[in-house]
Structure formats: C-alpha cells, structure tokens
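J.: First residue of the sequence shown? That's 1 in the UniProt record's numbering, and the numbers climb one at a time after it. All C-beta atoms in this analysis are idealised placements derived from N, C-alpha and C, irrespective of residue type, glycine included.
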Amino acid sequence: MKHMEVVGVRVEMPSNQPIVLLKESEGDRYLPIWIGGVEATAIALAQQGVAPARPLTHDLFRDVLDALDTGLTTVNITGLSDGIFYAELVFSNGVEVSARPSDSIALALRTGAPIYAHEDVIAEAGMPIPDEQEDQVEAFREFLDNISPEDFGRKAE
C-alpha cells in the first residue's frame, strides 16, 4: 500500500468529466480517478475549507461517526476492474466497509484520515509526470486554488 495525497479535482475536457488526482507521497506517480460532479464539489469544498450552510452528505457522515465515537482510520483504494475503482473505509472499531473512492476521499478530507492505494492499482492506472510537465502540474495547482463549486454546475449549499 502506498500513501497518497489529494492533489485536487479538475474537469477533464472535452468530456466535461470531473477527476480527482492523487499523488504518491513518496514517489512520482499520479493516480487520476474519474468521479461524479457532486463528489467533485464535495472534495473541492473540503480542500478549500469551505463549510456549506447545511451539511453535505459527507459532513453528515463525519458528524455521525463523531456521535458514535468511531473514527475513520484509513481509506484504502483497493482495486480497479473494467475502469471502475474500488475502495474500503477502515474504522477505528475494526469494521471495513466497501465504498466508492470519490466518497471515501471526500470523507477522508473531512476527518483527516490517510489515503492509501494498492500498488497493483497504481501500477495499472498510475502515471509518472516527467520533469518537463511539472509546469503543467503547477498550473493545475493554481487552477485548484481558484476553483469554486459553481465550476461544477453546483451552488454551495
């Protein structure tokens, strides 16, 4: 398992499909995961530290975990089959629950839980970004700093 950091979300053109981009903490491979618009907004809001007026589903889930005195220990991206990524939520009481990576990442950002990916998943779908593309990565980070929920066709609620 490799520790992953969330670089951010962006909209892939021309398909207008949102992706979340993860990067190995100690490595040079990036893992792009195509996600839905609602999840992209939830991830972007969490990264920007924006608290919506009403809790989103991921905020509610975090609050329920707190109320039940159970923590999210880790998020593990466990598999990739036919272009579909799979993840598991691992809780402090030892329970593991299958979940979509997008929901898992949104919850991890809200709880501070670390995100890991199986080496097999990174080997299959990960991609190194050569040094000459570092400028593109920096431009992507600047894009992330300026993105808003409206960019995904949603208003902050």
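1. I need the DSSP call for residue 154, collapsed to helix, strand or coil.
2. Using only the alpha-carbon positions, how far apart do residue 114 and residue 15 sit?
3. Could you tell me the distance, in whole angstroms, from the CA atom of residue 22 to the CA atom of residue 10?
4. Quick one: Cα of residue 12 to Cα of residue 104, how far?
5. Would you give the residue range spanned by the beta strand (DSSP E) that residue 18 belongs to?
6. Would you be able to state if there are at least three C-beta pairs under 8 Å between the stretch 68-76 and the stretch 86-100?
7. With a 10 Å radius around its C-beta and 16 neighbouring C-beta atoms as the bar for buried, classify residue 155 as buried or exposed.
8. What does the alpha-carbon distance come out to for the pair residue 62 and residue 26?
9. Please identify the residue among 89, 119, 100, 43 whose C-alpha is closest to the C-alpha of residue 110.
T.: In short:
1. The residue you call residue 154 lines up with position 154 of the sequence shown. Its pLDDT being 48, under 50, residue 154 is placed unreliably by the model, and the measurement read from it follows with that caveat. Here residue 154 sits in coil by DSSP.
2. Position 114 of the sequence shown, counted from the start, is the residue given in the question as residue 114. Position 15 of the sequence shown, counted from the start, is the residue given in the question as residue 15. Using only the alpha carbons, I get a separation of about 30 Å.
3. Here residue 22 corresponds to residue number 22 of the sequence shown, with the count starting at 1. Here residue 10 corresponds to residue number 10 of the sequence shown, with the count starting at 1. As the crow flies, the alpha-carbon of residue 22 is around 12 Å from that of residue 10.
4. Residue mapping note: residue 12 aligns to position 12 of the sequence shown, counting from 1. Residue mapping note: residue 104 aligns to position 104 of the sequence shown, counting from 1. Spanning the two alpha carbons is a distance of roughly 21 Å.
5. Within the sequence shown, residue 18 is the residue found at index 18, counting from 1. For residue 18, the enclosing beta strand (DSSP E) has its first and last residue at 17-24.
6. Verdict: yes, contact present.
7. The sequence position of residue 155 within the sequence shown is 155, counting from 1. A caution first: residue 155 carries a pLDDT of 47, below 50, which makes its placement in the model unreliable, though a value can still be read off. With fewer than 16 Cβ atoms within 10 Å of its Cβ, residue 155 is classed as exposed.
8. Residue numbering aside, residue 62 sits at position 62 when the sequence shown is read from its first letter. Residue numbering aside, residue 26 sits at position 26 when the sequence shown is read from its first letter. Rounded to the nearest angstrom, the gap between the Cα atoms of residue 62 and residue 26 is 28 Å.
9. Taking the sequence shown and counting its residues from 1, one reaches residue 110 at position 110. Here the closest residue by C-alpha is 43.
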